[in-house]
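Residue numbers (this note's numbering): 531 to 681.
In structure tokens form, the structure reads like this:
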């Protein structure tokens, strides 16, 4: 499996990040709800819908549509990960990625502008941009209890 990497934070994201976000964003030590600190239903639904659109685009082979749902830096990284003379358009580069068959969304957690979607076969990290929710990292796999995700 060849994941799409998170450009800003390197290759690791994890439960520790989620726990830290909960600690900061969930005032008074309130346990996080499945939707993430009581995020509004609209925010949770919007993040979930963006993740589902991304996965549907991949499943149908519409790599151009999947690229339009990537965060700008993630898209730039995907396009630019090849040697200068071998650069490809995002859709073409996306077609060569070996992302897992994701399946259905099991949980959606939203911490501010940072949703985390766990699917049957994948974990997605998103962020909110002016144009809506965008996928920052895909193909992320857990490395074990209390260990970061490898993206």
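All residues carry an ideal CB built from backbone N, CA and C; glycine is no exception. From a predicted model like this one, the values you see are computed outputs, not experimental measurements.
Between residue 632 and residue 656 a beta carbon distance of about 13 Å is seen, past the 8 Å cut, so the two are scored as non-contacting.
In the DSSP annotation of this structure, the continuous segment of the beta strand (DSSP E) that includes residue 644 starts and ends at 644 to 649.
For residue 581, the secondary structure class from DSSP, reduced to helix, strand or coil, is helix. Counting along the chain, the unbroken alpha helix (DSSP H) around residue 608 starts and ends at 602 to 610. Scanning its chain for C-beta atoms nearer than 6 Å, with the 5 sequence neighbours on each side dropped, one finds around residue 587 the residues 595, 596, in chain order. By alpha-carbon distance to residue 670, the top candidate from 681, 664, 676, 663 is 681.
In the DSSP assignment, residue 590 is bridged to no other residue. Comparing C-alpha distances from residue 679 to each of 664, 652, 659, 665 shows the shortest one belongs to 652.
Per DSSP, reduced to three states, the secondary structure at residue 573 is helical.
In the three-state scheme derived from DSSP, where H, G and I count as helix and E and B as strand, residue 626 is classed as helix. Exposed is the label assigned to residue 674, since fewer than 16 other Cβ atoms lie within 10 Å of its Cβ.
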